[in-house]
Amino acid sequence: MTEGHAAVLEKDFAAATKPETEFSHVKPGDTEFKGSGLRDFFLYRDLGIAKATNGKVIAHLVKANMAPTEGTGWHKHIADFQIVIMTKGWARFMYEDKETLVSAGDVVHQRPGITHYLFDYSPDMEYLEIVGPANFGTVEVEGVAEVPAPTPWK
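Taking the UniProt record's numbering, I'd label the letters of the sequence shown as residues 1 to 154.
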């Protein structure tokens, strides 16, 4: 192989293997919880993943900001992938017609398009949500089952 040929191959390899994502390391003090997310009764902390993945994935921490009154309402997300990892407290969801208690340590994969309703949560509720793509959509839908009342905070 000639020196010129090797240089061309190296250039082609570099172009072909250029990362579409970048390294990211967000520490607890790097970002703050803000009330600028999907729901005004939750606070959201951006973890820098949407930027690092060029919008392929978003990851944020979500925590309770006020007592549950109406919950999220019935909805579904336009997304390819979504998981919820409960890190503190608990939340009660309706997944279609099934009531589901998600407690600290639990992991939920919400299949694409599943109709759901988060209707109750503890004052210390906090979860990690990972969704792809980062600009996923949310569509309000008709209810599919009766939703239990939330537990009042003391």
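For glycine and all other residues, C-beta sits at the position ideal for the given N, C-alpha and C.
For residue i, which beta-bridge partners are listed by DSSP?
{"i": "residue 92", "result": "101, 120"}
{"i": "residue 56", "result": "In DSSP, residue 56 forms no bridge with anything."}
{"i": "residue 109", "result": "83"}
{"i": "residue 26", "result": "None; residue 26 has no bridge partner."}
{"i": "residue 114", "result": "Residue 114 is not bridged to any residue."}
{"i": "residue 138", "result": "77"}
{"i": "residue 128", "result": "61, 85"}
Between the C-alpha atoms of residue i and residue j, what's the straight-line distance to the nearest angstrom?
{"i": "residue 75", "j": "residue 144", "result": "10 Å"}
{"i": "residue 79", "j": "residue 153", "result": "32 Å"}
{"i": "residue 55", "j": "residue 135", "result": "7 Å"}
{"i": "residue 125", "j": "residue 66", "result": "11 Å"}
{"i": "residue 28", "j": "residue 46", "result": "11 Å"}
{"i": "residue 113", "j": "residue 140", "result": "11 Å"}
{"i": "residue 127", "j": "residue 84", "result": "6 Å"}
{"i": "residue 94", "j": "residue 138", "result": "16 Å"}
{"i": "residue 91", "j": "residue 109", "result": "15 Å"}
{"i": "residue 68", "j": "residue 121", "result": "7 Å"}
{"i": "residue 34", "j": "residue 146", "result": "31 Å"}
{"i": "residue 132", "j": "residue 61", "result": "15 Å"}
Under a three-way DSSP split, which group does residue i fall into?
{"i": "residue 145", "result": "coil"}
{"i": "residue 158", "result": "Lying before the first or after the last residue shown, residue 158 is absent from the chain, which here runs from 1 to 154."}
{"i": "residue 43", "result": "strand"}
{"i": "residue 78", "result": "strand"}
{"i": "residue 154", "result": "coil"}
Point to revise | Touching by the beta-carbon criterion (3+ pairs, under 8 Å), the stretch 49-63 and the stretch 20-27 | key: yes
Check your understanding: Does the stretch 103-111 come close enough to the stretch 38-46 that 3 or more CB-CB pairs lie under 8 Å?
Key -> no
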